[in-house]
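**Student:** All residue numbers for the sequence shown refer to this note's numbering, where the first residue is 471 and numbers rise by one.
The following block contains the structure, expressed as structure tokens.
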Amino acid sequence: MSRKSESRQPNNSKNNSNKSQRRLALAVLLIIFAASVFFSLSNIPWIAEYREQLLSELGIGSGEEPDTVDPGTIGTGSQGGTITFGNAKDDGKINDVAALDSSALPDYDGHHYVTVTNNVPEFDQDVYDRAGLVYDNGRWKTPGTVRGVNSKDLAPYEYYGELDELGRCTVAYGCLGLETMPERDRERGDISSVHPSGWAKAQSWERCHLIAWALSAENANDRNLITGTHYLNYDGMRPLEEEVEHYIWNTGNHVLYMAKPYFAGSELVARGVQMTAWSVEDEGKGVSFNVYCFNVTPGATIDYNSGIVTTAEQAGQEARLYVINKKSKVFHYPSCDGAKSMSKWNREEVTATRLELTSQGYTPCGYCEP
Ligand SMILES: [Zn+2]
471 MSRKSESRQP
481 NNSKNNSNKS
491 QRRLALAVLL
501 IIFAASVFFS
511 LSNIPWIAEY
521 REQLLSELGI
531 GSGEEPDTVD
541 PGTIGTGSQG
551 GTITFGNAKD
561 DGKINDVAAL
571 DSSALPDYDG
581 HHYVTVTNNV
591 PEFDQDVYDR
601 AGLVYDNGRW
611 KTPGTVRGVN
621 SKDLAPYEYY
631 GELDELGRCT
641 VAYGCLGLET
651 MPERDRERGD
661 ISSVHPSGWA
671 KAQSWERCHL
681 IAWALSAENA
691 NDRNLITGTH
701 YLNYDGMRPL
711 EEEVEHYIWN
721 TGNHVLYMAK
731 PYFAGSELVA
741 RGVQMTAWSV
751 EDEGKGVSFN
761 VYCFNVTPGA
771 TIDYNSGIVT
781 TAEQAGQEAR
791 LYVINKKSKV
801 FHYPSCDGAK
811 SMSKWNREEV
821 TATRLELTSQ
831 GYTPCGYCEP
């Protein structure tokens, strides 16, 4: 509708000018409205950034702003559940502990493991009994031999302790040999069906065998898989497992072996795993160790209750916009489909750091992995 058409109504020119003023006002309001809709929904970066800044200055952008947590106060040692670790050291100095006590486990010292009782293997009586070994005159023997071990009289076996009342692995041990190992060209099976205690999505956890597949041919056995870091699984335990594996392949001998996870209190993720091995036929000359491997990631912060891991890089991130689900307590990147499809009653946008959210019990979405 143009002014020209309006001006064709000759009578009532006063009324006419009022009308056109009202229309002008309406048009201006519409433009302001359209501009605000555009401003609040636009994805153009400088607009979005300006909007976030403005809203946060007005204190309305993030709804209820979560209480901020100073990351420096989180690491409270062995009782806190959440610990920030230092970096790995490469000085070759391995410390020793006289014993392992789950109420006072050794703190990560920058190395993959500490030795236990000066690296001297020691097993519960049952470990020897099941293998058919008897203690005679200061040595472990198979019965019926004057001295030493007769391989044919040994009983190769694997034992996996029942999960405890919190669903945690307890211990695995055995007398390992070619009999317990997979055939050379056999492929490992799928273990993704097992969710060990403390398992949390999108935290780079690995399903870590207590007794390695290469030694036991055990796949998805929930009594043999714990929630472990890559540092534990790959850097800590694997070289020791390979030492045992190579020894058995090369000699055909047997190895007494125990792997035991240690948990602090009621935590669901193990702080570490004791690994003990002793070659039987040559009485420890081939393989002999007793160590406690740390289930840590150097430089990261780990919550051993929830399984939430914050890498050093993530801990250094500035606060940013996340979409949280107040009901499921999951948080997303705003671009995630899970954030877009969320019910508005549960949905909230917050500007926070990842660590602030996880320390308040929010878990990262397994899909967008924020
Ligand atoms: Zn998501």
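Cβ atoms here follow ideal geometry from the backbone N, Cα and C, with glycine treated the same way.
In this text the structure is predicted, and so the values were computed from the model without any measurement.
Does DSSP put Gly545 in a helix, in a strand, or in coil?
**Tutor:** Taking the first residue of the sequence shown as position 1, residue 545 is located at position 75. Interpretation of Gly545 is limited by its pLDDT of 36, a score under 50 that renders its predicted location unreliable; the figure taken from the coordinates is listed afterwards. Coil.
**Student:** Ligand 1: which residues have Cβ under 5 Å from any of its heavy atoms, chain order?
**Tutor:** My final list is His802, Cys806, Gly808, Cys835, Tyr837, Cys838.
**Student:** Closest by CA to Lys730, which one among Gly808, Ala568, Ser572, Thr552?
**Tutor:** Translated into the one-based positions of the sequence shown, residue 730 becomes position 260. Nearest option by C-alpha distance: Ser572.
**Student:** Could you give the residue range of the alpha helix (DSSP H) that holds Pro731?
**Tutor:** Start at 1 with the first residue of the sequence shown, and residue 731 comes out as number 261. Counting along the chain, Pro731 falls outside any alpha helix (DSSP H), though it belongs to the beta strand (DSSP E) covering 725-732.
**Student:** Using DSSP with H/G/I as helix, E/B as strand and the rest coil, what is Glu819?
**Tutor:** Taking the sequence shown and counting its residues from 1, the one referred to as residue 819 is at position 349. Three-state result, Glu819: strand.
**Student:** Quick check: what's the CA-CA separation for Thr538 versus Thr552?
**Tutor:** Residue numbering aside, residue 538 sits at position 68 when the sequence shown is read from its first letter. Residue numbering aside, residue 552 sits at position 82 when the sequence shown is read from its first letter. With a pLDDT of only 36 at Thr538, under the threshold of 50, the placement of this residue in the model should not be trusted, and no figure is reported.
**Student:** Give the secondary structure of Trp719 by DSSP, where H, G and I count as helix, E and B as strand, and everything else as coil.
**Tutor:** To locate residue 719, count along the sequence shown from 1; it is residue 249. It is helical.
**Student:** Indicate whether Gly668 and Gly777 have their beta-carbon atoms separated by less than 8 Å.
**Tutor:** Translated into the one-based positions of the sequence shown, residue 668 becomes position 198. Translated into the one-based positions of the sequence shown, residue 777 becomes position 307. Yes, Cβ-Cβ distance for Gly668 and Gly777 is below 8 Å.
**Student:** Could you check which residue in Gly808, Ser811, Ala785, Leu710 has the C-alpha nearest to that of Tyr583?
**Tutor:** Counted from its first residue, the sequence shown places residue 583 at position 113. Of the candidates Gly808, Ser811, Ala785, Leu710, the one whose C-alpha sits nearest the C-alpha of Tyr583 is Leu710.
**Student:** Going by C-alpha distance, which of Val567, Ala601, Tyr803, Gly631 is nearest Asn620?
**Tutor:** Translated into positions along the sequence shown, residue 620 becomes position 150. Closest by alpha carbon: Ala601.
**Student:** Taking the straight line between their C-alpha atoms, what separation do you get for Val586 and Tyr792?
**Tutor:** Looking up residue 586 in the sequence shown gives position 116. Looking up residue 792 in the sequence shown gives position 322. Answer to the nearest angstrom: the Cα atoms are 45 Å apart.
**Student:** According to the neighbour-count rule (16 or more other Cβ atoms, all chains shown, within 10 Å of its Cβ), is Ser811 buried or exposed?
**Tutor:** For the purposes of this step, residue 811 is taken as residue 341 along the sequence shown, with counting starting at 1. With fewer than 16 other CB atoms across the displayed protein chains lying within 10 angstroms of its CB, Ser811 is exposed.
**Student:** Do the CB positions of Pro834 and Ala684 come within less than 8 Å of each other?
**Tutor:** Position 364 of the sequence shown, counted from the first residue, corresponds to residue 834. Position 214 of the sequence shown, counted from the first residue, corresponds to residue 684. Cβ distance not < 8 Å, so Pro834 and Ala684 don't count as in contact.
**Student:** What residues in its chain sit with their C-beta under 7 Å from that of Val597, if we drop five residues either side in the sequence?
**Tutor:** Counting from 1 along the sequence shown, the entry for residue 597 is found at position 127. If we look at Val597 and ignore the five residues flanking it on each side, its Cβ neighbours are Tyr643, Leu726, Met728.
**Student:** Are the beta-carbon atoms of Gly756 and Thr721 separated by less than 8 Å?
**Tutor:** Here residue 756 is taken as the residue at index 286 of the sequence shown, counted from 1. Here residue 721 is taken as the residue at index 251 of the sequence shown, counted from 1. A contact, by the Cβ cut-off of 8 Å.
**Student:** Of all the options Trp748, Val766, Asp623, which has the alpha carbon lying nearest to the alpha carbon of Ser758?
**Tutor:** Along the sequence shown, one-based indexing puts residue 758 at 288. Answer by Cα proximity: Trp748.
**Student:** Between Leu695 and the rest of its own chain, which residues show a CB-CB distance below 8 Å, the 5 nearest in sequence each way excluded?
**Tutor:** Within the sequence shown, residue 695 is the residue found at index 225, counting from 1. Residues Cys639, Ile661, Val664, Pro666, Arg677, Cys678, His679, Leu680 of the same chain have their beta carbon placed closer than 8 Å to that of Leu695, with the five preceding and five following residues left out of the count.
**Student:** Mind checking Arg824: buried by the 16 CB within 10 Å criterion, or exposed?
**Tutor:** If you number the sequence shown from 1, residue 824 lands on position 354. Counting Cβ neighbours within 10 Å, Arg824 comes out buried, since at least 16 surround it.
**Student:** Compare the C-alpha of Val706 against each of Glu653, Thr821, Asn760 and name the closest.
**Tutor:** On the sequence shown, position 236 is the one that residue 706 refers to. In the sequence on display, residue 706 carries Gly and not Val. Measuring from the Cα of Gly706, the nearest candidate turns out to be Asn760.
**Student:** Grouping DSSP H, G and I as helix and E and B as strand, with all else coil, what is Val793?
**Tutor:** The residue you call residue 793 lines up with position 323 of the sequence shown. Residue state, collapsed to three classes: strand.
**Student:** Are there 16 or more other CB atoms within 10 angstroms of the CB of Asn488, so buried, or fewer, so exposed?
**Tutor:** The residue you call residue 488 lines up with position 18 of the sequence shown. Asn488 is exposed by the Cβ-count criterion.
**Student:** Do Tyr627 and Asn691 come within 8 Å of each other at the CB atom, strictly closer than that value?
**Tutor:** Residue 691 sits at position 221 when you count from the first residue of the sequence shown. Residue 627 sits at position 157 when you count from the first residue of the sequence shown. Not closer than 8 Å, so no.
**Student:** Considering Cα atoms alone, identify which of Leu499, Gly580, Leu575 is closest to Tyr701.
**Tutor:** One-based indexing of the sequence shown puts residue 701 at position 231. When only C-alpha atoms are compared, the closest one is Gly580.
**Student:** Among Tyr762, Val750, Ala574, which has the Cα closest to the Cα of Tyr717?
**Tutor:** Numbered from 1 along the sequence shown, position 247 holds the residue referred to as residue 717. Of the candidates Tyr762, Val750, Ala574, the residue whose Cα lies closest to the Cα of Tyr717 is Val750.
**Student:** Please state whether the Cβ-Cβ distance between Leu633 and His724 is less than 8 Å.
**Tutor:** Reading the sequence shown from its first residue, position 163 is the one you call residue 633. Reading the sequence shown from its first residue, position 254 is the one you call residue 724. Contact flag unset, no.
**Student:** Is Glu657 helix, strand or coil when you go by DSSP?
**Tutor:** Taking the sequence shown and counting its residues from 1, one reaches residue 657 at position 187. The answer is coil: DSSP assigns Glu657 none of H, G, I, E or B.
**Student:** Take Thr612 and list the residues in its own chain whose beta-carbon comes closer than 7 Å to its own, dropping the five residues that flank it on each side.
**Tutor:** Taking the first residue of the sequence shown as position 1, residue 612 is located at position 142. Result list for Thr612: Gly602, Leu603, Val619, Asn620, Asp623, Leu624, in chain order.
**Student:** May I ask you to report which of helix, strand or coil DSSP gives Asn588?
**Tutor:** Your numbering for residue 588 matches position 118 in the sequence shown. Correct three-state label for Asn588: helix.
**Student:** Would you identify the three-state DSSP class for Asp606, choosing helix, strand or coil?
**Tutor:** Residue numbering aside, residue 606 sits at position 136 when the sequence shown is read from its first letter. Asp606 falls in the strand class under three-state DSSP.
**Student:** Please identify the residue among Arg658, Ala574, Gly769 whose C-alpha is closest to the C-alpha of Thr699.
**Tutor:** Position 229 of the sequence shown, counted from the start, is the residue given in the question as residue 699. Answer by Cα proximity: Gly769.
**Student:** If you reduce the DSSP assignment to three classes, tell me which class Gln744 lands in.
**Tutor:** Position 274 of the sequence shown holds residue 744. Reduced to three states, the DSSP call for Gln744 is strand.
**Student:** Buried or exposed for Ala569, please, with buried defined as at least 16 other CB atoms from any protein chain shown within 10 angstroms of its CB.
**Tutor:** Within the sequence shown, residue 569 is the residue found at index 99, counting from 1. So Ala569 counts as exposed.
**Student:** Please report the straight-line C-alpha distance between Ala822 and Arg790, rounded to a whole angstrom.
**Tutor:** Indexing the sequence shown from 1 puts residue 822 at position 352. Indexing the sequence shown from 1 puts residue 790 at position 320. Whole-angstrom Cα-Cα distance: 5 Å.
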